[in-house]
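Peer 1: Here's a structure for you.
Numbering (mature numbering (1 follows the signal peptide of the UniProt record, and there is no 0)), first residue to last: -20 to -1, 1 to 248.
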């Protein structure tokens, strides 16, 4: 039983730590920039053992902070009391069996709360997205397909249209309906990918454009990431907006023989 409880607690801590560290590459630059200034203050913390202790505190603090941001409050006074008690080798107020029962109940409650929050957010995003698309459909130049995809061509290209098995190179910016930008080729350069290997809204829209076209895509949740969402910014049932420029179209063989010198990645 002791091992089972320790594993459960460790799994929770590991999951929180991994999630906290799973940030976009854009967050790496500020971290790297602050490394030098942070190094200057290491000696002020104390010995190597004290520095390591501080680092452990930082890791745990980040995990607890993330829990707080997700709606789970931790009583730090009680937490520190238990920590000190066990560290000093004294008898805690809970035995192993009680601690396991408390943790299992806690985890079940947090999972239930997370599911409820997810469902509420999904419902709200779906309603907002449907209202947005209904209003957007009436705007001049916006076309709506049978699937519900909306698009507006800003510049008509003169090249060929891609097929589902073709590879394309594009520049793009993706944002939510509130204007929040969640991805942009300005950050990492144009992207190349197979037309049939991206979200359904992209696969359909790309086949409506000619090489050289510039367009804005309005993708309902069912043609994007649905109830699951994606990453930190794209919530469940989020409607997405993309500004797209179709740079090049070719078969996999053609693109391999004459590659566009861009980063290869899946559109997010």
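For every residue, glycine included, the Cβ atom is placed at its ideal position computed from N, Cα and C.
Of all the options 140, 124, 169, which has the alpha carbon lying nearest to the alpha carbon of residue 193?
Peer 2: Working through the chain shown from its first residue, we reach residue 193 at position 213. Cα-wise, what sits closest to residue 193 is 140.
Peer 1: What do you get for residue 34, buried or exposed, if any count of 16 or more other CB atoms within 10 angstroms of its CB means buried?
Peer 2: Position 54 of the chain shown, counting from 1, holds the residue named residue 34. With fewer than 16 Cβ atoms within 10 Å of its Cβ, residue 34 is classed as exposed.
Peer 1: Please report how far the alpha carbon of residue 23 lies from the alpha carbon of residue 31, in whole angstroms.
Peer 2: Looking up residue 23 in the chain shown gives position 43. Looking up residue 31 in the chain shown gives position 51. C-alpha separation (whole angstroms): 8 Å.
Peer 1: Are residue 169 and residue 162 closer than 9 Å when you measure CB to CB?
Peer 2: Taking the chain shown and counting its residues from 1, one reaches residue 169 at position 189. Taking the chain shown and counting its residues from 1, one reaches residue 162 at position 182. Result no, Cβ atoms of residue 169 and residue 162 do not sit closer than 9 Å.
Peer 1: Would you decide whether residue 228 is buried or exposed? Buried here means 16 or more other CB atoms lie within 10 Å of its CB.
Peer 2: Counted from its first residue, the chain shown places residue 228 at position 248. That one is buried.
Peer 1: Under the rule that 16 or more other beta-carbon atoms within 10 Å means buried, what is residue 148, buried or exposed?
Peer 2: Start at 1 with the first residue of the chain shown, and residue 148 comes out as number 168. That one is buried.
Peer 1: Below 8 Å, can you find three or more Cβ-Cβ pairs linking the stretch 198 to 207 to the stretch 173 to 188?
Peer 2: With the cut-off at 8 Å, the stretch 198 to 207 and the stretch 173 to 188 touch.
Peer 1: Assign residue 222 to one of two classes, buried (16 or more other C-beta atoms within 10 Å of its C-beta) or exposed (fewer than that).
Peer 2: Walking along the chain shown from the start, residue 222 turns up at place 242. Looking at its Cβ environment, which holds 16 or more other Cβ atoms inside 10 Å, residue 222 is buried.
Peer 1: On the three-pair Cβ rule with 8 Å, is the stretch 43 to 53 touching the stretch 86 to 101?
Peer 2: Counting Cβ pairs under 8 Å, three or more are found: they touch.
Peer 1: If we call anything under 9 Å between Cβ atoms a contact, is residue 150 one with residue 165?
Peer 2: Here residue 150 corresponds to residue number 170 of the chain shown, with the count starting at 1. Here residue 165 corresponds to residue number 185 of the chain shown, with the count starting at 1. For residue 150 and residue 165, yes; Cβs fall inside 9 Å.
Peer 1: Flag this pair as yes or no: are the beta carbons of residue 126 and residue 152 separated by less than 9 Å?
Peer 2: In the chain shown, residue 126 corresponds to position 146, counting from 1. In the chain shown, residue 152 corresponds to position 172, counting from 1. No, they are not a contact pair.
Peer 1: Which stretch, first to last residue, makes up the beta strand (DSSP E) that contains residue 135?
Peer 2: Taking the chain shown and counting its residues from 1, one reaches residue 135 at position 155. First-last of the beta strand (DSSP E) with residue 135: 130 to 135.
Peer 1: Return the first residue and the last residue of the beta strand (DSSP E) that residue 122 is part of.
Peer 2: As a working note, residue 122 is residue 142 in the chain shown. Counting along the chain, residue 122 falls outside any beta strand (DSSP E), and DSSP gives it neither H nor E.
Peer 1: Have a look at the DSSP bridge pairing and note the partners of residue 214.
Peer 2: As a working note, residue 214 is residue 234 in the chain shown. Paired residue(s): 210.
Peer 1: Just reading off the beta strand (DSSP E) that residue 196 is part of, what are its end residues?
Peer 2: Position 216 of the chain shown, counted from the start, is the residue given in the question as residue 196. Note, residue 196: beta strand (DSSP E), 194 to 199.
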